[in-house]
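Undergrad: Letter by letter, the sequence shown follows residues 448 to 579 of our numbering. All C-beta atoms, glycine included, are put in the ideal place defined by N, C-alpha and C. Attaching a single structure in structure tokens format; questions to follow.
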Amino acid sequence: MTEKTPDIFGLAYLASEFQAAIERKARANPALAAAFEKAVRPAELQEMMRLMGILEKRIPHDQGGNEDAVQAPRAVLLLELVDYYAAISLRVMKEDEVRALVPKAGQTQTVSELLADNHAVNLAKVFRPEGP
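If you want it as structure tokens, here you go:
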């Protein structure tokens, strides 16, 4: 991968870990699970399902083509998906609670670079850089 190519594996990890953390938290607290169900808007759910469908079709593997050309669009799709998780979570929990779900996720260079480009408004609220 080149310097400009997003870390697709880091973003895929972020998406799966964020989703798993939300599911674990919701399973442990029925009231929170109900709040999550109410917080998901039908259009969001439809868009998330669409993104997952596209990603599942694309995840298969380099066929000798330009890997960078495949990775960049996948990174944007993954980031959009994670941004939906963040948006829904922020409706139900406080920012610091959401941030605690995936503590290492916001530390990756890829996420920081994409947030700097303002691709993910909700994700930026959760994983904004700490400091002055």
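(1) From what residue to what residue does the alpha helix (DSSP H) around Arg546 run?
(2) Excluding sequence positions up to five away, which residues of its chain have a Cβ less than 6 Å from the Cβ of Tyr531?
(3) If you run the structure through DSSP and keep just helix, strand and coil, what is Arg497?
(4) What separation, rounded to the nearest whole angstrom, lies between the Cα atoms of Arg521 and Leu502?
(5) Hey, would you say Leu498 sits closer than 8 Å to Leu528, going by beta carbons?
(6) Measure the alpha-carbon distance for Glu470 versus Lys485 and round it to whole angstroms.
(7) Compute the Euclidean distance between the alpha carbons of Met448 and Pro477, then round it to the nearest angstrom.
(8) Nearest to Ala462 by CA position, among Glu544, Val523, Glu542, is which residue?
(9) Roughly how many whole angstroms lie between the Cα atoms of Phe456 and Arg488?
(10) Could you check the C-alpha separation between Asp539 and Ala473 for me, to the nearest Å?
(11) How long is the line joining the alpha carbons of Gln541 and Ala534, rounded to whole angstroms?
(12) Between Leu479 and Leu526, how many whole angstroms is the CB-CB distance? I'm expecting something under 8 Å.
(13) Nearest-angstrom Cα distance between Phe483 and Asp543?
TA: If we stick to the structure as given:
(1) Counted from its first residue, the sequence shown places residue 546 at position 99. Note, Arg546: alpha helix (DSSP H), 542-548.
(2) Here residue 531 corresponds to residue number 84 of the sequence shown, with the count starting at 1. Answer for Tyr531: Glu491, Met495, listed in chain order.
(3) Working through the sequence shown from its first residue, we reach residue 497 at position 50. It is helical.
(4) Along the sequence shown, one-based indexing puts residue 521 at 74. Along the sequence shown, one-based indexing puts residue 502 at 55. So the alpha carbons of these two residues sit roughly 7 Å apart.
(5) As a working mapping, residue 498 is identified with position 51 in the sequence shown. As a working mapping, residue 528 is identified with position 81 in the sequence shown. A contact, by the Cβ cut-off of 8 Å.
(6) Taking the first residue of the sequence shown as 1, we reach residue 470 at position 23. Taking the first residue of the sequence shown as 1, we reach residue 485 at position 38. Cα to Cα, Glu470 sits roughly 15 Å from Lys485.
(7) As a working note, residue 448 is residue 1 in the sequence shown. As a working note, residue 477 is residue 30 in the sequence shown. Any reading at Met448 needs caution, since the residue's pLDDT is 40, under 50, leaving its predicted position unreliable; the model's value is listed next. If you draw a straight line from the Cα of Met448 to the Cα of Pro477, it comes to about 43 Å.
(8) What you label residue 462 is simply residue 15 of the sequence shown in a count that begins at 1. Of the listed residues, the one whose Cα sits closest to Ala462 is Val523.
(9) Here residue 456 corresponds to residue number 9 of the sequence shown, with the count starting at 1. Here residue 488 corresponds to residue number 41 of the sequence shown, with the count starting at 1. Roughly 28 Å separates the two Cα atoms.
(10) Reading the sequence shown from its first residue, position 92 is the one you call residue 539. Reading the sequence shown from its first residue, position 26 is the one you call residue 473. The residue asked about is misnamed: residue 539 is Val in this sequence, not Asp. Roughly 11 Å separates the two Cα atoms.
(11) Counting from 1 along the sequence shown, the entry for residue 541 is found at position 94. Counting from 1 along the sequence shown, the entry for residue 534 is found at position 87. Correcting the residue identity first, residue 541 is Lys in this sequence and not Gln. In this structure, the alpha-carbon of Lys541 lies about 11 Å from that of Ala534.
(12) Walking along the sequence shown from the start, residue 479 turns up at place 32. Walking along the sequence shown from the start, residue 526 turns up at place 79. Contact check for Leu479 and Leu526: beta-carbon distance about 25 Å, past the 8 Å limit, so the pair fails to qualify.
(13) Taking the first residue of the sequence shown as position 1, residue 483 is located at position 36. Taking the first residue of the sequence shown as position 1, residue 543 is located at position 96. Rounded to the nearest whole angstrom, the C-alpha separation of Phe483 and Asp543 is 17 Å.
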